[in-house]
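Here's the structure, in structure tokens; my notes come after.
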Ligand SMILES: NC(=O)c1ccc[n+]([C@@H]2O[C@H](COP(=O)([O-])OP(=O)(O)OC[C@H]3O[C@@H](n4cnc5c(N)ncnc54)[C@H](OP(=O)(O)O)[C@@H]3O)[C@@H](O)[C@H]2O)c1
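Numbering (the working numbering), first residue to last: 33 to 279.
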């Protein structure tokens, strides 16, 4: 599939990686980009670049009515980019006082993304198959205990992505899992380097659509971790096990 002339929906388009997706898609000649955010006003700078091709849309991926409204308006989509996500809990799974943030992470990262895949599957089919990009995390492969509930939500999202890939193969929909390490956005502002740029994440993800690649590890950190996981998953688990919540 080519990006030129594609019709694309990007969730969380006002965020660090989402905004870079919109810019990269615009530069690559996408015909229309539905830039989605919970707050429309947060998209004004992005849309100002080209209001003809960048269409702002209000979308909360945990709200079925909001998703249905997007489905009604975006019948021409052939590339769905599920980028929206949250990291809320830094206190592990046992030390954390309650499960509120863990539930919200699962609600947005897993159920929200799943709801979007379900809502747009038939649209993608009608438009020739197309592709879905799910923005996961290297933590989908192995958890960091401090952000254990986020890691679990991304692991669930990876498993779901593999299932959606299998279910949509017959209709010709490519389903891509993108698993970066630390990305230089608001979400990781308190994290130490190295950080891959959000522009590099967007570029590698779109290249995967063109090249037909199913798993993408953008940046050196994620590439190295992916190789270590293949080499010795247990050793990576033990290494990450040192990153406990502070008490
Ligand atoms: N930054 C990293 O180190 C890193 C690493 C690996 C993977 N990721 C993943 O990359 C994706 C993008 O994150 P980012 O780094 O760009 O962080 P970000 O700047 O905080 O962006 C997150 C985006 O998700 C949106 N969002 C949250 N809940 C939503 C909901 N219920 N409905 C619709 N949109 C919602 C946010 O919108 P609001 O402005 O309305 O909150 C925001 O646009 C996430 O899935 C994240 O897990 C990030």
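Beta carbons are placed, not taken as given, at the ideal position from N, Cα and C, and that holds for glycine.
Any heavy atom of ligand 1 closer than 7 Å to the CB of residue i?
i: residue 176; result: no
i: residue 181; result: no
i: residue 230; result: yes
i: residue 91; result: yes
i: residue 242; result: no
i: residue 140; result: yes
i: residue 70; result: yes
i: residue 193; result: no
i: residue 220; result: yes
i: residue 46; result: yes
i: residue 74; result: yes
i: residue 119; result: yes
i: residue 115; result: yes
i: residue 225; result: no
i: residue 167; result: yes
i: residue 214; result: yes
i: residue 49; result: yes
i: residue 94; result: yes
i: residue 205; result: no
Tell me the DSSP secondary structure of residue i in three-state form.
i: residue 64; result: strand
i: residue 34; result: coil
i: residue 253; result: helix
i: residue 72; result: helix
i: residue 210; result: strand
i: residue 176; result: coil
i: residue 46; result: coil
i: residue 246; result: coil
i: residue 171; result: helix
i: residue 200; result: helix
i: residue 234; result: helix
i: residue 41; result: strand
i: residue 166; result: strand
So residue i packs on residue j, CB below 8 Å; how close in whole Å?
i: residue 186; j: residue 168; result: 5 Å
i: residue 72; j: residue 65; result: Contact flag wrong, Cβ pair sits at about 15 Å.
i: residue 99; j: residue 151; result: 5 Å
i: residue 216; j: residue 229; result: 6 Å
Return the chain-ordered ranges of every beta strand (DSSP E) run that is complete within the stretch 75–129 and spans a minimum of 3 residues. If we require 3 residues or more, the beta strand (DSSP E) runs fully inside the stretch 75–129 come out as 86–90 and 111–114.
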